[in-house]
Amino acid sequence: MASLPDGPSVPAAIATMRWLRDPGAMLEACARRYGDCFTLRLWNQPPWVVFSDPEGIKDIFTGDPALLHAGEANEVLKSVLGENSLLLMDGERHLRERRLMMPPFHGERMRAYGETMRDVADRAIDSWPIGKPFAIHAEMQRITLEVILRTVFGLGAGPRLERMRALLVRYTALGTSRLGTALLLLMPPRYARRIGDLAMDPVRLGPFALDLSRLLPWRELLQVGREVDALIYEELAERRARASAAGDDVLTMLMAARDEAGQPMSDVELRDELLTLLLAGHETSATSLAWAIHRILEHPEVLRALGEERDRVTGPGPLDVDQIGNLAYLDATLKETMRTRPIISIVARKLKGPMRIGGRDLPAGVVAIACIHLAHQRAASWPDPERFDPARFLGKKPEPYEFFPFGGGTRRCVGMAFALYEMKIVLAQVLRRVRLRAAPGSRVRIERRGITLAPSGGVPVILDARLGLGLEV
Numbered sequence: 059m060a061s062l063p064d065g066p067s068v069p070a071a072i073a074t075m076r077w078l079r080d081p082g083a084m085l086e087a088c089a090r091r092y093g094d095c096f097t098l099r100l101w102n103q104p105p106w107v108v109f110s111d112p113e114g115i116k117d118i119f120t121g122d123p124a125l126l127h128a129g130e131a132n133e134v135l136k137s138v139l140g141e142n143s144l145l146l147m148d149g150e151r152h153l154r155e156r157r158l159m160m161p162p163f164h165g166e167r168m169r170a171y172g173e174t175m176r177d178v179a180d181r182a183i184d185s186w187p188i189g190k191p192f193a194i195h196a197e198m199q200r201i202t203l204e205v206i207l208r209t210v211f212g213l214g215a216g217p218r219l220e221r222m223r224a225l226l227v228r229y230t231a232l233g234t235s236r237l238g239t240a241l242l243l244l245m246p247p248r249y250a251r252r253i254g255d256l257a258m259d260p261v262r263l264g265p266f267a268l269d270l271s272r273l274l275p276w277r278e279l280l281q282v283g284r285e286v287d288a289l290i291y292e293e294l295a296e297r298r299a300r301a302s303a304a305g306d307d308v309l310t311m312l313m314a315a316r317d318e319a320g321q322p323m324s325d326v327e328l329r330d331e332l333l334t335l336l337l338a339g340h341e342t343s344a345t346s347l348a349w350a351i352h353r354i355l356e357h358p359e360v361l362r363a364l365g366e367e368r369d370r371v372t373g374p375g376p377l378d379v380d381q382i383g384n385l386a387y388l389d390a391t392l393k394e395t396m397r398t399r400p401i402i403s404i405v406a407r408k409l410k411g412p413m414r415i416g417g418r419d420l421p422a423g424v425v426a427i428a429c430i431h432l433a434h435q436r437a438a439s440w441p442d443p444e445r446f447d448p449a450r451f452l453g454k455k456p457e458p459y460e461f462f463p464f465g466g467g468t469r470r471c472v473g474m475a476f477a478l479y480e481m482k483i484v485l486a487q488v489l490r491r492v493r494l495r496a497a498p499g500s501r502v503r504i505e506r507r508g509i510t511l512a513p514s515g516g517v518p519v520i521l522d523a524r525l526g527l528g529l530e531v
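Numbering (the working numbering) for the sequence shown: 59 to 531.
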């Protein structure tokens, strides 16, 4: 008979506040008390059944996708990304969209992206101040956003790139603020979007217009979102007017893509997918890079090993992106960063029918959670899990149900290869070009930014020297 495992009995409102404030501490406390599987009851959510053991996670990632709906479980993102985002689809619609989205992120095109990534990182590094504290997270955001604008949109220098950059920086800041986070996670998407539409369009009462947006605390977020939409649709209209298939950017390929019935993606579908790539792609990669630099600066022995590998594999001179695949310790350092500091705590599937997961019979309607945070700290999988040790990943492939920073199964992040490639190139270039140290007195902790977990204070660092060709260690 289907039943739910034990979990905290506090009111949903209190549990939700704990989840918003410190999800890691909440998950760890539950795991200590209830073990590998427990139930969370949050505000405006069906029950969450949380799994951290490989058996349960395997069942979630390999189960029948007709019964395990990720799109429905991610519904909180609909008010931001739109209903046509790949993250919010299920069934045949998801498979169709995924087939259209995959080709631009694989194959020979990656090398052209790599050169852009390296050059964008170089220009950013040249602007960093010497001897003065600055937040490396903000700089990583600047780099990854520029990469997205150039590789996804194909935007060169000009007014549109400047306008899009400014809008997205503001939109991300507003969306990951405490107010934006509360709106995203607490308000049902159908209400958030309806209230937003009502508030942004003045209500006419005879000769008078009532501007309800002044009554909403998130009016600026709504307004900036509309401006982003307008700019995206303007770009799409100009591309269609030119009717040119030239270009190797992602947008060009998505506009040219056709499904099995020969149908292209509509402008609304393109808007939602582009916004997903812009927001999820640049913020997540930037945060992982900031965590990587923080962890490396905490561990001088890791920094020395990275320098030795660089000298041995790539030698002096400009970074050849073809050599990135040979930097095994750099790759391991990024993976160990994502293990110890995952930027998202969970991945979720809503059950459309009763299922047996991890040896437990669960009823329809609950949400099965594969818990990244707890799985990555599981001592049975990762001995001495609190220790930062990139050597764990040298010469071995991690088990997909023990290490899954990009999700798993048929829902694994479509941009995973792109993101890993970008992070390795940017981190390699930073380590070649500058000597950094942590700013004195800075204490970095985990804090929530929207749905991601970022380093507090942006990781304050000081650049002691800009080194043309290599890092002195």
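Glycine residues also receive a C-beta, built at the ideal position from the N, C-alpha and C atoms.
- One thing to note: ALA426 has its Cβ within 8 Å of the Cβ of ARG407.
- With contacts defined by Cβ atoms closer than 8 Å, ILE118 and ALA422 do not form a contacting pair.
- Contact between HIS340 and LEU85 fails: their C-beta atoms lie close to 26 Å from each other, not under 8 Å.
- Taking the Cα positions, GLY65 is about 22 Å away from LEU126.
- Straight-line measurement puts the Cα of ASP287 at about 28 Å from the Cα of GLU318.
- Check the Cα spacing between TYR479 and each of ALA497, PRO400, ALA386, ARG397: the tightest is with ALA386.
- A distance of 8 Å or more separates the beta carbons of LEU328 and LEU289.
- Using a Cβ distance threshold of 8 Å, ALA231 and ILE382 do not count as a contacting pair.
- Here GLU130 has LYS408 as same chain residues with Cβ atoms under 6 Å from its own Cβ, once five neighbours each way along the sequence are excluded.
- Only residues of its own chain outside the window of five on either side were considered, and among them ALA128 have a CB closer than 7 Å to the CB of ARG469, listed in chain order.
- ARG370 counts as exposed, since fewer than 16 other beta carbons sit within 10 angstroms of its beta carbon.
- A contact between stretches requires three or more CB pairs, one per stretch, nearer than 8 Å, and the segment 139-159 fails this requirement with the segment 509-519.
- For MET413, the CB contacts under 7 Å within the same chain, skipping 5 residues up- and downstream, are GLY121, LEU125, LEU420 in chain order.
- Non-local beta-carbon contacts of ASP180 in its own chain, meaning distances under 8 Å to residues more than five positions away in sequence, involve GLN487, ARG491 in chain order.
- Bounds of the beta strand (DSSP E) holding ALA426 are 425-429.
- PRO518 counts as buried, since at least 16 other C-beta atoms from the protein chains shown sit within 10 angstroms of its C-beta.
- Secondary structure of VAL227 (DSSP, three-state): helix.
- Distance from VAL484 to LEU336 at the Cβ level is roughly 17 Å; contact not present, criterion being Cβ atoms closer than 8 Å.
- If you draw a straight line from the Cα of ARG176 to the Cα of ILE72, it is about 46 Å long.
- The distance from the Cβ of LEU312 to that of GLU331 is about 7 Å, consistent with a contact at the 8 Å cut-off.
- Less than 8 Å divides the Cβ of ALA433 from the Cβ of GLU460.
- Residue burial annotation: GLY114 is buried, with at least 16 other C-beta atoms found within 10 angstroms of its C-beta.
- Burial of SER403 is indicated by the presence of at least 16 other C-beta atoms within 10 angstroms of its C-beta.
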